[in-house]
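The block underneath contains the structure these notes are about, expressed in structure tokens.
Residue numbers (the working numbering): 8 to 442.
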């Protein structure tokens, strides 16, 4: 095996990534991802898959991020992927018309529609095999990266099976004792340590939300270490790890503080999403059979729940920096399928002109424990003198379809209107080399 070292620069600083390449593997990329799809001289099978989920990322949120970042004539990294489509997100919940993250992630992970709150079980509570498990059967390495708790709904749907997404310690136990992804990076340390053991991230008495260790399955960090995981708790330890199996927990709960503007809101992960993703690619690309990696940016969703457009855009920018890094990896590693998609829309976000006659200001929300602002902004449109505002209709999820862009083996099959379950079908068949 030989190595190639690449460095990306982002808002989180320089991200160095050492890519392990099997003997004879190509390191020559094509500009703008050309050659990444079947029929242009690249493999028909997806050796590697990187599925990037922007939680809560509807089309309007994606456009707000684009306008604020690169302007009207610009293009985000996620927009530059060769194929574009959209996904319908409705779950099979008998009581609610709009999906939650668990049911939506289960659709991506298993190809099965289920009830809200379910984590990779069907409507009858029976476990359904996930893309991560399919990848392992193909002897691929696997990883989960998120700015949420690593046991939150989206990553959980790929690495565990529980009837209730709230059973996060059981999800962690399954990671360690059953599915054993090679890389697990994100927040949520509280679910890994029993009450009374603060771990590396002490409880914050000033945080209005409870942040206390609460594992119902004992010391799961110790169990992870016992089966070979290198446990890391900060950026320095992550960078120093040379293990092929890494568990990184970098916060008590999420790696940010979701709240309305000026009420304790903060998006400043101690280990940026791009840094975690770079490390995951470094570790997983050592596997000669390839890998499956799930990357999630949770901040867009949580900030939209709080109707905080500034922080939602900030989280979206971190997501796009990560997509740029993944695309650079894919260009140098033919046979890599990259898919970027939202699991559902959050907030009923609308991009509007600045209009003083339109509704504005704060108002009491109908959503519990949320102070809703009817409009946020104005925000400058990059590269121009124009501005826009963000209007909200809710503090909850909506049923809008979500945008999808993709590149690599099988990506052309995603250039359509489809349900989230179809994304599973395409990725699974791409890994198996079937069309």
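Yeah, the Cβ is synthetic: ideal placement off N, Cα and C, and Gly gets one too.
Using a Cβ-Cβ cutoff of less than 6 angstroms, which residues in the same chain neighbour residue i once the five nearest sequence positions on both sides are dropped?
i           : result
residue 298 : 55, 147, 148, 291
residue 75  : 320, 386
residue 152 : 192, 283, 284, 287, 302
residue 210 : 218, 219
residue 274 : 263, 306, 318, 321, 322
residue 103 : 123
residue 426 : 95
residue 296 : 146, 147
residue 57  : 300, 333, 345
residue 325 : 280
residue 433 : 417, 420, 421
Quick one, which of the options has its alpha-carbon nearest residue i's?
i           : options            : result
residue 400 : 359, 423, 424, 436 : 359
residue 178 : 216, 223, 153      : 223
residue 173 : 204, 145, 123      : 123
residue 346 : 431, 107, 403      : 431
residue 396 : 404, 406, 93, 363  : 363
residue 182 : 199, 171, 170      : 199
residue 405 : 53, 65, 60         : 65
residue 60  : 338, 243, 160, 235 : 160
residue 278 : 255, 271, 293, 269 : 255
residue 403 : 394, 333, 351      : 351
residue 354 : 150, 314, 162      : 314
residue 293 : 176, 205, 180, 340 : 340
residue 240 : 329, 202, 276      : 276
Could you round the C-beta distance between residue i and residue j to whole angstroms and report it? I think they count as a contact, below 8 angstroms.
i           : j           : result
residue 195 : residue 135 : That belief does not hold up - the Cβ atoms of residue 195 and residue 135 are roughly 23 angstroms apart, past 8 angstroms.
residue 186 : residue 155 : Actually they do not touch by this definition, with Cβ atoms about 18 angstroms apart.
residue 94  : residue 381 : Rounded, the Cβ-Cβ distance is 29 angstroms, inconsistent with contact.
residue 316 : residue 384 : 7 angstroms
residue 309 : residue 261 : 6 angstroms
residue 227 : residue 176 : 7 angstroms
Quick one: does the C-beta of residue i sit closer than 7 angstroms to a heavy atom of the ligand SAM?
i           : result
residue 332 : For the ligand SAM, the structure offers nothing, since it holds no ligand at all.
Taking only beta-carbon atoms, is residue i less than 8 angstroms away from chain B?
i          : result
residue 54 : Absent here is chain B; the protein component of the structure consists of one chain.
Spatial neighbours of residue i within its chain, please: C-beta separation below 8 angstroms, excluding the five flanking residues on both sides.
i           : result
residue 164 : 109, 112, 113, 115, 116, 117, 126, 127, 137
residue 80  : 390
residue 388 : 74, 75, 78, 79, 394, 395
residue 99  : 110, 120, 121, 122, 130
Can you give me the Cβ contacts of residue i inside the same chain, cut-off strictly under 7 angstroms, excluding the 5 residues immediately before and after it?
i           : result
residue 67  : 356, 357, 358
residue 423 : 92
residue 271 : 264
residue 435 : 138, 141
Have a look at residue i and residue j and give me their C-alpha separation to the nearest angstrom.
i           : j           : result
residue 409 : residue 119 : 18 angstroms
residue 78  : residue 70  : 10 angstroms
residue 349 : residue 207 : 32 angstroms
residue 259 : residue 220 : 8 angstroms
residue 46  : residue 428 : With a pLDDT of only 38 at residue 46, under the threshold of 50, the placement of this residue in the model should not be trusted; the figure read from the coordinates follows. When rounded, the distance between both Cα atoms is 25 angstroms.
residue 190 : residue 361 : 45 angstroms
residue 374 : residue 280 : Residue placement at residue 374 is poorly supported in this model, since its pLDDT is 46, which falls under 50; the coordinates still yield a value, given next. Taking the straight line joining both Cα atoms gives about 29 angstroms.
residue 132 : residue 106 : 17 angstroms
residue 250 : residue 237 : 6 angstroms
residue 86  : residue 204 : 44 angstroms
residue 489 : residue 97  : For the chain, the structure presents residues 8 to 442; residue 489 sits outside this window and is missing.
residue 331 : residue 83  : 9 angstroms
residue 235 : residue 252 : 7 angstroms
Starting from residue i, trace the alpha helix (DSSP H) both ways and give me its first and last residue.
i           : result
residue 109 : 108 to 117
residue 336 : 316 to 339
residue 206 : Unbroken run through residue 206: none, as it is neither H nor E.
residue 288 : 280 to 291
residue 426 : Counting along the chain, residue 426 falls outside any alpha helix (DSSP H), though it belongs to the beta strand (DSSP E) covering 424 to 426.
Could you give the residue range of the beta strand (DSSP E) that holds residue i?
i           : result
residue 197 : Note, residue 197: premise wrong, no beta strand (DSSP E); not H, not E.
residue 157 : Premise fails: residue 157 is in no beta strand (DSSP E) and is neither H nor E.
residue 359 : 357 to 359
residue 396 : 394 to 398
residue 94  : 90 to 95
residue 298 : 298 to 304
residue 413 : 409 to 414
residue 245 : Run containing residue 245: none in the beta strand (DSSP E); it sits in the alpha helix (DSSP H), 242 to 247.
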